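K.L.:
In my numbering, the protein residues as written are 51 to 196.
Take a look at this one; I'll ask things after.
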Amino acid sequence: MAEIEMIEAVWGSNPRFADGVRYEFIRSEGRQFPGHRCLVAASEFHIRNGEKKFRAFREDGNFFYLAAIWEPAMGEWPVSYRIITLDANPDVIRYQARHGAIIERRDAQKWLDFAVPEAELLVTPPADIFTVEEILTKPVQTSLAF
Numbered sequence: 051m052a053e054i055e056m057i058e059a060v061w062g063s064n065p066r067f068a069d070g071v072r073y074e075f076i077r078s079e080g081r082q083f084p085g086h087r088c089l090v091a092a093s094e095f096h097i098r099n100g101e102k103k104f105r106a107f108r109e110d111g112n113f114f115y116l117a118a119i120w121e122p123a124m125g126e127w128p129v130s131y132r133i134i135t136l137d138a139n140p141d142v143i144r145y146q147a148r149h150g151a152i153i154e155r156r157d158a159q160k161w162l163d164f165a166v167p168e169a170e171l172l173v174t175p176p177a178d179i180f181t182v183e184e185i186l187t188k189p190v191q192t193s194l195a196f
């Protein structure tokens, strides 16, 4: 079993090596991730659909992990990571087509130790896992009446 370490890292790849673009995600399809696997703990993820913003969180209230790949520090750019994406599950698909690959807590060590092939862990979650609700950007009460 590999040594596990928790570190702070920047979300997104070094733009110097990506045509000036900082990529925050990497598609899972057709790829293997034989090294630099990491996990990002999360209790929810946010979705933007047009002008509206939403949050998706677990029905059971538990936190989960997002599968990710870390990249070493290079020059002035610190250690960074990109979240692996896959097709959205039925709870999220009406808001966006993809979301981060969810790694269940019971499977975290399998992901980090390469004990199971990616194809077994990087799967779209079933329906009824997430609750999706709008994030209100305007105050509910705009003024007080006396």
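Ideal Cβ placement from N, Cα and C applies to all residues, glycine included.
Please read these numbers as outputs of a predicted model, since none were measured by experiment.
What does DSSP give as the partner residue(s) for Val60 in the beta ladder?
P.N.:
Indexing the sequence shown from 1 puts residue 60 at position 10. According to the DSSP secondary-structure assignment, Val60 is paired through a beta bridge with Ser130.
K.L.:
First and last residue of the beta strand (DSSP E) that includes Glu121?
P.N.:
Reading the sequence shown from its first residue, position 71 is the one you call residue 121. Its beta strand (DSSP E) spans residues 114-121.
K.L.:
At what residues does the beta strand (DSSP E) containing Leu89 begin and finish?
P.N.:
To locate residue 89, count along the sequence shown from 1; it is residue 39. Counting along the chain, the beta strand (DSSP E) containing Leu89 begins and ends at 87-92.
K.L.:
Does Ala106 come out as helix, strand or coil in the three-state DSSP assignment?
P.N.:
Walking along the sequence shown from the start, residue 106 turns up at place 56. In this structure, Ala106 counts as strand in the three-state DSSP scheme.
K.L.:
Only counting runs of 4 or more residues, tell me where the alpha helix (DSSP H) segments fall wholly within the segment 159-184, in order along the chain.
P.N.:
168-171
K.L.:
If Phe83 and Glu168 are in contact, beta carbons under 8 Å, what's the gap, nearest whole angstrom?
P.N.:
In the sequence shown, residue 83 corresponds to position 33, counting from 1. In the sequence shown, residue 168 corresponds to position 118, counting from 1. So it is a contact: roughly 6 Å between Cβ atoms.
K.L.:
Closer than 6 Å by C-beta to Trp61: which residues in its own chain qualify, once you throw out the five before and the five after it? Chain order, please.
P.N.:
Numbered from 1 along the sequence shown, position 11 holds the residue referred to as residue 61. Counting only residues of its own chain and dropping the five nearest sequence neighbours on each side, Trp61 has a CB closer than 6 Å to the CB of Glu74.
K.L.:
At what residues does the beta strand (DSSP E) containing Gly150 begin and finish?
P.N.:
Stepping through the sequence shown from its first residue, residue 150 is reached at position 100. Residues 148-150.
K.L.:
Report yes or no: do three or more beta-carbon pairs, one from the segment 151-165 and one from the segment 123-132, lie closer than 8 Å?
P.N.:
no
K.L.:
One question on the structure: do Gly115 and Leu136 come within less than 9 Å of each other, judged by their Cβ atoms?
P.N.:
Counting from 1 along the sequence shown, the entry for residue 115 is found at position 65. Counting from 1 along the sequence shown, the entry for residue 136 is found at position 86. In the sequence under discussion, the amino acid at residue 115 is Tyr, which differs from the Gly named in the question. Their beta carbons are not under 9 Å apart, which means Tyr115 does not touch Leu136 by this criterion.
K.L.:
Return helix, strand or coil for Asp157, following the three-state DSSP convention.
P.N.:
Working through the sequence shown from its first residue, we reach residue 157 at position 107. Note: Asp157 maps to helix in three-state DSSP.
K.L.:
Label Glu121 either buried or exposed according to how many other C-beta atoms from any shown protein chain fall within 10 Å of its C-beta, with 16 as the threshold for buried.
P.N.:
The sequence position of residue 121 within the sequence shown is 71, counting from 1. Glu121 comes out buried.
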